[in-house]
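Colleague: Supplied in structure tokens, the structure appears directly below.
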Amino acid sequence: MDVAGTIAYLPLTAMILGAIAGLLAGRFLTGRWLWALPILLCLAALVLIVRLAAIPEAEAESAFGPFVWLTGGIFPALFTVVMGTLGGRALRGRAQRP
Numbered sequence: 033m034d035v036a037g038t039i040a041y042l043p044l045t046a047m048i049l050g051a052i053a054g055l056l057a058g059r060f061l062t063g064r065w066l067w068a069l070p071i072l073l074c075l076a077a078l079v080l081i082v083r084l085a086a087i088p089e090a091e092a093e094s095a096f097g098p099f100v101w102l103t104g105g106i107f108p109a110l111f112t113v114v115m116g117t118l119g120g121r122a123l124r125g126r127a128q129r130p
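If you read the sequence shown in this note's numbering, its first letter stands for residue 33, the second for the next number, and so on.
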């Protein structure tokens, strides 16, 4: 896949997978386990941010990969996981009502 395809499809794929994962986590996980998915995504984002900060100015071309994964993969997935988790919790609450 070329660069344009990666930039176009990576955020869409990350959002769809993040929403599905968030809905499943919100529906079936409770308590502290509900925070597992957002925390893992935040840790992955932190690792990519540190990698970006460690790249010297002379090698700016090597920052493209981590930047694309951070802005096109991790951030959309994180945002949709949070929204999907809220939706999953609402579904769980509705299913538990008589």
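Note that the Cβ used here is the ideal one computed from N, Cα and C, for glycine as well.
Assuming L66 and A57 are in contact, meaning their beta carbons sit under 8 Å apart, how far apart are those beta carbons, in whole angstroms?
Modeller: Position 34 of the sequence shown, counted from the first residue, corresponds to residue 66. Position 25 of the sequence shown, counted from the first residue, corresponds to residue 57. Indeed, because the Cβ distance is near 6 Å, the residues count as touching under 8 Å.
Colleague: Three or more C-beta pairs under 8 Å: does that hold for the segment 35-55 against the segment 75-92?
Modeller: No contact exists between the segment 35-55 and the segment 75-92.
Colleague: Nearest-angstrom Cα distance between G105 and R121?
Modeller: By one-based count along the sequence shown, residue 105 stands at place 73. By one-based count along the sequence shown, residue 121 stands at place 89. So the alpha carbons of these two residues sit roughly 24 Å apart.
Colleague: Does the distance from the CB of M47 to the CB of P108 come in under 7 Å?
Modeller: For the purposes of this step, residue 47 is identified with residue 15 of the sequence shown, where counting begins at 1. For the purposes of this step, residue 108 is identified with residue 76 of the sequence shown, where counting begins at 1. It is a contact, given that the beta carbons lie within the stated cut-off.
Colleague: Distance, Cα to Cα, L110 vs G50?
Modeller: Here the question's residue 110 lines up with position 78 in the sequence shown. Here the question's residue 50 lines up with position 18 in the sequence shown. Distance between the alpha carbons of L110 and G50: 7 Å.
Colleague: For L78, count the other beta carbons within 10 Å of its own beta carbon; 16 or more makes it buried, fewer makes it exposed. Which is it?
Modeller: The residue you call residue 78 lines up with position 46 of the sequence shown. Classification for L78: exposed.
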